[in-house]
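So the sequences go chain by chain: C, E, S and U.
Going by UniProt numbering, 136 is the number at position 136 of the first sequence; the sequence numbering is gapless.
Going by UniProt numbering, 86 is the number at position 86 of the second sequence; the sequence numbering is gapless.
Going by UniProt numbering, 418 is the number at position 418 of the third sequence; the sequence numbering is gapless.
Going by UniProt numbering, 294 is the number at position 294 of the fourth sequence; the sequence numbering is gapless.
C-beta atoms are modelled at their ideal positions from N, C-alpha and C, and glycine is treated no differently.
Only a predicted model underlies this, so the values are computations on that prediction, with no experimental measurement involved.
There are 4 protein chains.
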Amino acid sequence: MKEQRSIKIAVIGGGSSYTPELVEGLIKGYGDMPVSELWLVDIEEGRQKLETVGNLAKRMVKKSGIPMEVHLTMDRRTAIRGADFVTTQMRVGQLEARKLDEHIPISHSVIGQETTGPGGMFKALRTIPVILDICRDIEELAPNAWMLNFTNPAGMVTEAVIKYSRVKTVGLCNSPINFKKFLAEAYRTPESRVLPEFVGINHLHWVTSALVDGKERLPELLMGKGEYTAKNVPTLGWDPEFLQSLVSIPTYYLKYYYMTSEMLEEEKASLEKDGTRADVVSRVEKELFELYADESLEEKPKQLEQRGGAFYSEAAVQLMQSLYLGRNDIQTLNVPNDGIYDFLPEDASIEINCVVTSAGPIPLAPKHVPQQIKGLLHAVKTYESLAIDAAVSGDRGLALQAMVHHPLVPSVSTAKMLLDEMLEAHRKYLPNFFA
Amino acid sequence: MKEQRSIKIAVIGGGSSYTPELVEGLIKGYGDMPVSELWLVDIEEGRQKLETVGNLAKRMVKKSGIPMEVHLTMDRRTAIRGADFVTTQMRVGQLEARKLDEHIPISHSVIGQETTGPGGMFKALRTIPVILDICRDIEELAPNAWMLNFTNPAGMVTEAVIKYSRVKTVGLCNSPINFKKFLAEAYRTPESRVLPEFVGINHLHWVTSALVDGKERLPELLMGKGEYTAKNVPTLGWDPEFLQSLVSIPTYYLKYYYMTSEMLEEEKASLEKDGTRADVVSRVEKELFELYADESLEEKPKQLEQRGGAFYSEAAVQLMQSLYLGRNDIQTLNVPNDGIYDFLPEDASIEINCVVTSAGPIPLAPKHVPQQIKGLLHAVKTYESLAIDAAVSGDRGLALQAMVHHPLVPSVSTAKMLLDEMLEAHRKYLPNFFA
Amino acid sequence: MKEQRSIKIAVIGGGSSYTPELVEGLIKGYGDMPVSELWLVDIEEGRQKLETVGNLAKRMVKKSGIPMEVHLTMDRRTAIRGADFVTTQMRVGQLEARKLDEHIPISHSVIGQETTGPGGMFKALRTIPVILDICRDIEELAPNAWMLNFTNPAGMVTEAVIKYSRVKTVGLCNSPINFKKFLAEAYRTPESRVLPEFVGINHLHWVTSALVDGKERLPELLMGKGEYTAKNVPTLGWDPEFLQSLVSIPTYYLKYYYMTSEMLEEEKASLEKDGTRADVVSRVEKELFELYADESLEEKPKQLEQRGGAFYSEAAVQLMQSLYLGRNDIQTLNVPNDGIYDFLPEDASIEINCVVTSAGPIPLAPKHVPQQIKGLLHAVKTYESLAIDAAVSGDRGLALQAMVHHPLVPSVSTAKMLLDEMLEAHRKYLPNFFA
Amino acid sequence: MKEQRSIKIAVIGGGSSYTPELVEGLIKGYGDMPVSELWLVDIEEGRQKLETVGNLAKRMVKKSGIPMEVHLTMDRRTAIRGADFVTTQMRVGQLEARKLDEHIPISHSVIGQETTGPGGMFKALRTIPVILDICRDIEELAPNAWMLNFTNPAGMVTEAVIKYSRVKTVGLCNSPINFKKFLAEAYRTPESRVLPEFVGINHLHWVTSALVDGKERLPELLMGKGEYTAKNVPTLGWDPEFLQSLVSIPTYYLKYYYMTSEMLEEEKASLEKDGTRADVVSRVEKELFELYADESLEEKPKQLEQRGGAFYSEAAVQLMQSLYLGRNDIQTLNVPNDGIYDFLPEDASIEINCVVTSAGPIPLAPKHVPQQIKGLLHAVKTYESLAIDAAVSGDRGLALQAMVHHPLVPSVSTAKMLLDEMLEAHRKYLPNFFA
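1. Report the CB separation of residue 179 of chain U from residue 207 of chain U in whole angstroms; it is logged as a contact under 8 Å.
2. I'd like to know whether the C-beta of residue 383 of chain U is nearer than 8 Å to at least one C-beta of chain S.
3. Distance, Cα to Cα, residue 423 of chain S vs residue 172 of chain C?
4. Would you grab the beta carbon distance between residue 246 of chain S and residue 371 of chain S for me? Rounded to a whole angstrom, and I think it's under 8 Å.
5. Could you name the residues of chain C that residue 416 of chain E contacts, counting a contact when the two beta carbons are closer than 8 Å?
6. So, using beta-carbon positions, are residue 106 of chain E and residue 215 of chain E closer together than 8 Å?
7. Quick one: Cα of residue 333 of chain U to Cα of residue 404 of chain E, how far?
8. So, with DSSP's three-state summary, where would you put residue 234 of chain C?
9. Residue ranges of each alpha helix (DSSP H) run of no fewer than 4 residues wholly in the stretch 162 to 216 of chain S, ordered along the chain?
10. Quick check: what's the CA-CA separation for residue 229 of chain U versus residue 156 of chain C?
11. Can you give me the Cβ contacts of residue 183 of chain U inside the same chain, cut-off strictly under 7 Å, excluding the 5 residues immediately before and after it?
12. Label residue 74 of chain C either buried or exposed according to how many other C-beta atoms from any shown protein chain fall within 10 Å of its C-beta, with 16 as the threshold for buried.
13. Consider the C-beta atom of residue 422 of chain E and the heavy atoms of the ligand ADP; say whether any pair is separated by less than 7 Å.
14. Any idea if residue 346 of chain C is buried or exposed, counting beta-carbon neighbours within 10 angstroms, 16 or more meaning buried?
15. What do you get for residue 342 of chain E, buried or exposed, if any count of 16 or more other CB atoms within 10 angstroms of its CB means buried?
16. Could you tell me whether any Cβ in chain C is nearer than 8 Å to the Cβ of residue 374 of chain E?
17. To the nearest angstrom, how far is the alpha carbon of residue 16 of chain U from that of residue 90 of chain U?
18. Residue 343 of chain C touches chain E at which residues, Cβ-Cβ below 7 Å?
19. Report the residue ranges of all beta strand (DSSP E) runs contained in full by the stretch 61 to 141 of chain S; include only those spanning at least 3 residues, in chain order.
20. Which residue spans inside the stretch 315 to 345 of chain S form an unbroken alpha helix (DSSP H) run of at least 4?
21. Alpha carbon to alpha carbon, how far is residue 151 of chain U from residue 88 of chain U?
22. Can you look up residue 229 of chain U in the DSSP assignment and give me helix, strand or coil?
23. Under the three-state reduction of DSSP, which class applies to residue 422 of chain S: helix, strand or coil?
24. So residue 327 of chain S and residue 356 of chain S are supposed to be a Cβ contact under 8 Å. How far apart are they, rounded?
25. Per DSSP, what kind of secondary structure is residue 25 of chain E in: helix, strand or coil?
26. Note the first and the last residue of the continuous beta strand (DSSP E) segment covering residue 41 of chain C.
27. By Cβ distance below 7 Å, which residues in the same chain neighbour residue 412 of chain E in space, the five residues on each side in sequence not counted?
28. To which residues of the same chain is residue 285 of chain U closer than 7 Å at the C-beta, ignoring the five residues directly before and after it?
29. Contact criterion: CB-CB distance below 8 Å. Does residue 64 of chain C meet it with respect to chain E?
30. Roughly how far, in whole angstroms, is the beta-carbon of residue 160 of chain U from the beta-carbon of residue 111 of chain U, given that I think they are within contact range, below 8 Å?
31. Beta-carbon separation of residue 330 of chain S and residue 198 of chain S under 8 Å?
32. Along chain E, in chain order, which residues have C-beta atoms closer than 7 Å to that of residue 362 of chain S?
33. Should residue 121 of chain E go down as buried or exposed, given a rule of 16 or more other Cβ atoms within 10 Å for buried?
34. Do we get a CB-CB distance below 8 Å when we pair residue 355 of chain E with the residues of chain S?
35. Are the stretch 67 to 84 of chain E and the stretch 41 to 48 of chain E in contact at 8 Å, needing three or more beta carbon pairs?
36. The beta strand (DSSP E) spanning residue 351 of chain U covers which residue range?
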């Protein structure tokens, strides 16, 4: 990749409501990375949204004055051919499927969530075969491309690509970048001056060190300064004695594990009041697309920040630039374990600080891995690996084992009930299981 | 150890109702291993039981005609001095404490069990400091002795000795020997012709291979032939689809994890009907000691086999003989991991097939470790290691972390409640926590 | 494998002078393992020897009266079809090639030896492709057979089979069994009462413990009691201070590494006097075959014991019986590392004590691995792995790397000279390199 | 460490001829890291040199105008008290000892070199106890200080500190920085745009990747472009076929291993002509100190660059600044292995790219570790670990094992000769061995 060369990006799931943020990022970053072609791809069912959001993208680019072509297409192979970067941000089964992922578990008094628990498992079962299909295209048509996965469950999707394809891939989540922003703001210092250490995997990490301006701030954070949160997860508070003996700050997704009954109550109450989270998002998206459709709109609307995935695109653009320029800066990414955690498989995906070189990310081995968290981390990773293999093989036995060994599923009998009901509910998106 | 040399054995907790079985084993095995001195030790509170059971032992030996001296004493150091083997089979806080271990968790809808869950954790917290105190005596007075741990939770007690003393130790459970007997009986072959493979740790193992007369019988066992069980655990059945996709037979203790709600219901019903398991055992023990006190009794009474710990003593005598004779036979023991499972700490105790040489047991690395079980195994071992460190240090934070990270404890808030209530209830046996 | 079933054995290289020993072993062991068919296979060039030795085998069996059929054939596939055991004891290029392996290195002042150094490397390069060809037949025609490798370099040949085939294999050397016999004799006890611990790989092991009748005898062995040796290696003495700080007894092959200049001088002197070792063996074999051809001979002649490979066949028969019967006894074998030595690759072959079950050997992890030896062991294994990959691929670069990184090769320039000269000399047996 | 705080540096061996370079670096870097106190310490024998070089340092600082105090002292404890950084650059036994290290091995036809082979081993035996004595002072008087080791053999000295003290330490060599400069110059790009990957340990590394402006340049470097070298090692050329099949560029120190006989011949010829390297350096140093003594000199003289340790001080100042400022930049340092190489001990020192944070360096796991080099790397590390333990314990057996297992020592008999002769020659600097 020479600096002079222009860049082609293909966005799978280009009709997503997040796209304007990505476009904004590419416009702002054009000086560092001149993207000449942006291909937004979607499937037939998404044609309408693709056109709406794609036209907004075109207006944004036009206003900016940069020479970036925006293409809208249903033809994935054309979009991928010769691409430098392929990003994925899709939702197999759309919000209707998410609704089932959230609702069915709750109806059995099990956490119902998009990426955690049985819901996340079924999202993975639906998504992974499609992602691997895309990988086949990339292997053939853009073998040097980097694939950036935003698609949730991002850790599992990335692991599937690591194990079952030759595509170069990185998984991305906005949770680490949000924590850095929180930390920078709390200590009124630039983001470049904070260095938190993340231990774990996607949506299951612990912050075990927090250097701010060269000083370790974890102890005072554990004493209660500046609890951080995010818009898409309830903000129940942590027990201080627990945090201090944990000697690390758990991501908010860990509340599903450490405060299971409280979270379940909250989910039930929320379900009663507003429907599932999918219902809420559905309403937000509807509003967003109404805004996008306004032909006078030429920039990313403020309201998008309410959507929940804040800074995803910032993360993506940063990553593309560092790969392109060989910036050797530190970013928190989902990459293969490769021996970093000696208790996890070599080819498991982990979420970790990396130096991003032009040859790819190189992980920084964490300095503090609390004894406390190893078992839970391994338990969830075991579930993930089983579910990935189940997704690829369509093996019901593997799917049962994945479900049983998920720490949030209380028994074999509940696991079987959930499995039966959810397989049936998502039948049309699970061809591997119903061949 | 020369073959001609006579053997001295010290039994800590000699007043246990199990002692007659051990004595019977030593009498039968005298030809292979001539024990010249058997020291039964107990504490002041156990004097009465020690005398009753000790006098029975003396009558049994006398009847057999072998020249083995039986000593009864409250002086532990005299018993240990120069011993070849020290066995431990004690219960700190006696059945009263067990009753609390079982009752308090159930009252919070958490499994209440002697060795599993919060009950097992508190048994460990009470027992480990006493065991390490005994180790100090052995290090000084019998540095070449082998210490055989029967004391539950045997895996955790053994791990504590591995980590915090220089005593040579092995942990023993009757569960593997019971499975071998089941297998031998099911296939009408001698025990020496069966070789099951055990993967895991004490009270948390999976049988992943079952060679019988040189043939692999696991597949048919998974299809339902000959489910085995034990007297001290309810015999709910396993789901066949689950077993077959697990590709291994879980120990019955795993029902607490895989069938949690069913087991809890069973516990609650049983509590209603018969009181805790401690209450039941209490009645059984009372009857046994009445029998033992009968001066015409000169052999182990049949009723002892109903007690629940069948074949413990057979296991113990086999182990002592193989260490003494260098038999190089295969026994299933609790020993340090030492890299066998690369995802568990080196100094963790594991339950595994070993060749027993005169220099100690050498583990046989398992050939089949199902991917499925690694996370749960690591999660329970994480809890164990934290609880052991808590027992030694008296650190409340560590105890909280142990409790929170036990897979059967549903949340931080429940963990804190249980911790507070159980610390208070066992206060007098937990000096490390209340210094 | 049921006990009642009769056994078929195929011996690749059946015309070897060792065969009568194997036949004797099978006759003696018939009661435990009823072999019904023994197939001796050889190639066209070996027809004469096969007939001579095969007819002796038939006379031996006839005399014994057991109902074992002996078949002589050039048709390897027929011999292998449905076999229970396949043994290999062949020499690609015969003694002429060995002569070159020994002579060329010495002419460059490098150790010239059949299994160690550049000579061993070229034996591996010639042999491995032929062995893998045999494996293809076994995979197809006898997928459940065990392949027993006697063929030198046995460790490397076994590793090649592990890496490049699905055949179940074990490598065998007579060196460990010889050490056990030495130990038993030195302490006047049965072989079953000694348990030495072997650390390392084939022809590069250290004895790090020596239990005799349950007592550790290593310290006194290191003080000089009973140095052991073998007929096919010069018996220079070890330096006592060196041995004691090594805290282990090196195999006599380690003299090539620890006493390189002395061994080289010895080789040169011996070459001057008697020719290469290949020349000596050639004369011995000639005499043996003259004996074998004597139609009145009906048993293994005494003179065979002078041949150098004493007890190879005893080792083989013991192994076959234990696999067949599931004896669970301890034998020292070449098997995959599988994590035993964490500094060697998982799929490297190692030489180690194993329990031989009906499902195959299970290694016993060594208790004492001296820090001292790890580097040398890893260095030789690195050479071996490179040479194996070179043998399979015919890649000259890999062969050069193997040669350079062999600890006995002093420089890149010498390595290139040896490589060029030996590739040329063995050209007709190295089709992979001259395609 | 707050940015506002002033910095105290103690330089052990402050009388070294290298000191002016360090002083120059501190002056240039004053804007980034305001050093308020520089303490140059030496021993009584070095008083004269300390004064000469110290006065030059004072003149340099004075000329620069920055407010940095320069202190000269024989009182190590005063210098260390409260220091932020302690650097070591000393030579126990001075150049006279180095002369013996070089001369004695050559006289036995073994490589005689300051840091490699028996010479390096004896330098380690003399130096490590003194370094650990300094560590005791740091632990007491400046427990938060970073200790920067330049003292050779820097890898072994650093490992000794890791294993035998609680001091925070990093080892430094100028070899990686020289390679980066070579690469930057060869491709006419700034040093910040090159990222070579170093695999191995101090003075035994291989460059396995060379990113320049985001492009991998290793293949063309292996084809011969721009062989790099250094002033203190002969520049014999590498064999191209060897390099290409090695798939990496070995450091010039590896010529002692890969071209042993050629290097030995070169050493012998050079010895004949110019005396040992110590003699040459002795003459250079004499000239340098004559220059330093000139009171009109107020800057580092050009001639210092001829001395051989070019850019050592640049490396040191960069490291101190990054630790002080938390720059998170990439530097190549000697740090604990901690699982990076799974075949080396956890506490071994390795030389590796690190991100330098304010909490210390975090290693970047190498992406390409050629199979070829593992054995040699492990063999040398084994020697190093044994020699370190010998230095600390004074155990002759360990020293013998270290010497025997050094790949450049051809046999046990040569090892014993060298050991005897060198122990005697360095007797007065080896109190641990002659207690």
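The structure says:
1. 6 Å
2. yes
3. 52 Å
4. Not really, about 11 Å apart at Cβ, beyond 8 Å.
5. 239, 241, 242
6. No, the Cβ-Cβ distance between residue 106 of chain E and residue 215 of chain E is not below 8 Å.
7. 40 Å
8. Confidence at residue 234 of chain C is low in this model, with a pLDDT of 35, below 50, so the placement of that residue should be treated as unreliable; the coordinate-derived value is given next. Correct three-state label for residue 234 of chain C: coil.
9. Counting only runs of at least 4 residues, the stretch 162 to 216 of chain S fully encloses the following alpha helix (DSSP H) elements, listed from N- to C-terminal order: 175 to 186.
10. In this predicted model, residue 229 of chain U has a pLDDT of only 46, less than 50, meaning its place in the structure is not dependable; the value taken from the coordinates is given anyway. Cα to Cα, residue 229 of chain U sits roughly 47 Å from residue 156 of chain C.
11. 194, 196, 210, 212
12. exposed
13. With respect to the ligand ADP, the structure offers nothing, as it holds no ligand at all.
14. exposed
15. exposed
16. So yes, residue 374 of chain E belongs to the interface.
17. 7 Å
18. Near residue 343 of chain C (Cβ distances below 7 Å), the residues of chain E are 343, 378.
19. 69 to 73, 85 to 88
20. none
21. 6 Å
22. Caution applies to residue 229 of chain U, whose pLDDT of 46 falls short of 50 and renders its modelled position unreliable; the model cannot decide the point.
23. helix
24. 6 Å
25. The answer is helix: DSSP assigns residue 25 of chain E an H, G or I state.
26. 35 to 41
27. 404
28. 17
29. no
30. Not quite, the Cβ-Cβ distance comes to about 23 Å (not below 8 Å), so this is no contact.
31. no
32. 364, 365, 367
33. buried
34. yes
35. yes
36. Element bounds for residue 351 of chain U: 349 to 357.
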